[in-house]
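**Student:**
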Amino acid sequence: MKSLQRKRRHSLSGKLLLLFIIMAVIFVMFVGSGIRHAFQGHFKDNIRPHINQYLEYVQADIGIPPDRDRARELADRLNIEIQIFDRKGEWSSGGRRADLAKLEIEGEYIANGKEFFHVEDDDRHYLMLRDGDTTLLFNVPGLRDQRKGVKGWIPLLILLLILLVLYHATRRLFAPLDVIQEGVRKFGDGDMAHRIDIRRKDELGELAGSFNTMADDIQQMLDAKRQLLLSISHELRSPLTRARIAAEMLDDNERKAEIIQDIHEMESLIEELMETERLSSRHMRLNKAHHDVISLMHDVISTYFSDAGITTYFPGSPVMLDVDAARIKLLLKNLLENAVRHSPDNALPPELRLCLDERKALITVIDYGVGVEADHLPHLTEPFYRVDSSRQRETGGYGLGLYLCRMIAEAHGGKLVIESKPGRGTTVLVELPVPS
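Below, the structure is given as structure tokens:
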């Protein structure tokens, strides 16, 4: 929900629509004001004199003192409003009566020896005649209502239609941005073969073409990097293979065993360096499939640790996760190697646990060795970091195993956490997401 609100808040089409609304409101205000002033000027100079003369004839027909019956007849026939205030009381042809005390005089003129006034009461304009104790008010309501209606709802309706057309045009104009954004997302997620279908020849089409060109260049660069890694791996392994074959032909002695062990460590180092480099790229794609993690754990234990006496605690039913089986096995192998390597002969055997809830699967590897000081814990998953470099010959390892395990966990959308207390052992927790 927050991401959707953020997207709407930063939407380019939304900003343009807001700009159109502001411009439309300003346009209607200025144009409406200009039209209103122009109409008022035209009404005052050209229309009002004719209406005044028309109402003067009506007043002359009613007479002074006014004939109420004649006023009623003329008001009904001519569709005008007449109000009379005299000694007989107040009378109105339309039922509405103006408050004489609140009338505002806008102008006056003299016709046929009589003084007429233009007055206003709320939203109505009257022609007023005063003669002694008699006051007459005349109004043409049809003209006023028509002016009010035109000024009220018709411009708003036109403005709404304009905004709808502008919104539709804006959405069509910037529709390619959604396609480009989706292409960038897929490419960033590792779909290196994805390209944007170019259907426009404007600036957005040029932007899509530039993205496709950039994607081609990046794919070529990554392919070249991948090929370089393969070549380096091959070039490094070839002399090591020859060296190992030559060492195997030596007479059996302690020196021969040390040489073979060193060659094996160099081969492992090269393999883990290559794997680390592959996992470091955010464009690396895992070979994910639906696997039973318990089955993967049994494979690792039976292949590498059949004699280590590892204690296991697994659920009674299969635990199916979307994982890269080869890399999860590598993670388990490295973690169990560390646990076995740092478990003294008189200590309890290492443990491998798996538990599951609705959102995550938790793999736990426990050893009951000497443990690690708290100062070292934040650095254990850094490349080539060793708590005590002097232990390398006795305990093996060169500081890449836990770093590689963290990279594998994070590549699967999970995390790796290490807990340890000196003298009580170390616990490594790997959290992996459960498919929804």
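Numbers given in my numbering equal positions in the sequence shown, counted from 1, plus 35.
All C-beta atoms in this analysis are idealised placements derived from N, C-alpha and C, irrespective of residue type, glycine included.
#1: What residues are listed by DSSP as bridge partners for Pro468?
#2: Over what stretch of residues does the beta strand (DSSP E) that includes Thr347 continue unbroken?
#3: In this structure, does DSSP put Asp134 in helix, strand or coil?
#4: CA-CA distance, Leu371 and Pro385?
#5: Within the chosen definition, does the region 210 to 226 reach the region 192 to 199 through at least 3 CB pairs nearer than 8 angstroms?
#6: Tell me which same chain residues have a C-beta within less than 7 angstroms of the C-beta of Leu412, skipping the five on either side of it?
#7: Based on the DSSP secondary-structure assignment, which residues constitute the bridge partners of Gly124?
#8: For a quick check, are the C-beta atoms of Leu271 and Ile305 less than 7 angstroms apart?
#9: Under a three-way DSSP split, which group does Gln427 fall into?
#10: Could you please give the first and the last residue of the uninterrupted alpha helix (DSSP H) stretch that includes Thr416?
#11: Which term fits Tyr92, buried or exposed, when burial requires 16 or more other beta carbons within 10 angstroms of its beta carbon?
#12: Taking Cβ to Cβ, would you say Leu391 is nearer than 7 angstroms to Cys440?
#13: Taking 7 angstroms as the cut-off, decide whether the C-beta atoms of Glu393 and Pro457 are in contact.
#14: Taking the beta strand (DSSP E) that Met355 falls in, what are its first and last residues?
#15: For His414, count neighbouring Cβ atoms within 10 angstroms of its own Cβ and tell me buried if that reaches 16, exposed if not.
#16: Buried or exposed, going by whether 16 or more other CB atoms sit within 10 Å of the CB of Gln427?
#17: Excluding the 5 residues preceding and the 5 following Ile115 in the sequence, name in chain order all residues of the same chain whose CB lies nearer than 6 angstroms to its CB.
#18: What's the gap between the Cα of Ser337 and the Cα of Lys221?
#19: Hey, would you say Ile476 sits closer than 7 angstroms to Leu52, going by beta carbons?
#20: How many Å lie between Gly404 and Asp342 at the Cα?
#21: So His160 is in the beta strand (DSSP E); what residue range does that whole segment cover?
#22: How about Asp168 and Arg122: do their beta carbons lie closer than 7 angstroms?
#23: Rounded to whole angstroms, what's the CA-CA distance from Arg105 to Ile189? Just pull it up for me.
#24: Using CA atoms only, rank isn't needed, just tell me which of Ile117, Asp258, Ile140 and Glu141 is closest to Arg131.
#25: With a cut-off of 8 angstroms on the beta carbons, I'd call Lys364 and Glu466 a contact; round off their distance for me.
#26: Please classify Asp402: is it buried, with 16 or more other beta-carbons within 10 angstroms of its beta-carbon, or exposed?
#27: Using a Cβ-Cβ cutoff of less than 6 angstroms, which residues in the same chain neighbour Thr462 once the five nearest sequence positions on both sides are dropped?
#28: Between which two residues does the alpha helix (DSSP H) harbouring Tyr339 extend?
#29: Taking its Cβ as the centre, do 16 or more other Cβ atoms sit within 10 Å of Val358, making it buried, or is it exposed?
#30: In the DSSP assignment, find the alpha helix (DSSP H) that holds Lys221 and state where it starts and stops.
**Tutor:** Looking at the coordinates:
#1: Lys395
#2: Thr346 to Tyr348
#3: coil
#4: 8 angstroms
#5: no
#6: Ile453 and Ser455
#7: Asp121
#8: yes
#9: With a pLDDT of only 49 at Gln427, under the threshold of 50, the placement of this residue in the model should not be trusted, and no figure is reported.
#10: First-last for Thr416: undefined, no H or E at that position.
#11: exposed
#12: no
#13: no
#14: Met355 to Asp359
#15: exposed
#16: Confidence at Gln427 is low in this model, with a pLDDT of 49, below 50, so the placement of that residue should be treated as unreliable; the coordinate-derived value is given next. Per the 10 Å Cβ criterion, exposed.
#17: Val175
#18: 39 angstroms
#19: As displayed, the chain neither begins before 36 nor continues past 471, which places residue 476 out of reach and without an answer.
#20: 18 angstroms
#21: Arg159 to Asp166
#22: yes
#23: 38 angstroms
#24: Ile117
#25: Between Glu466 and Lys364 the Cβ distance is about 18 angstroms, and since that is not below 8 angstroms, they are no contact.
#26: buried
#27: Ile401 and Glu454
#28: Val328 to Tyr339
#29: buried
#30: Ala210 to Gly223
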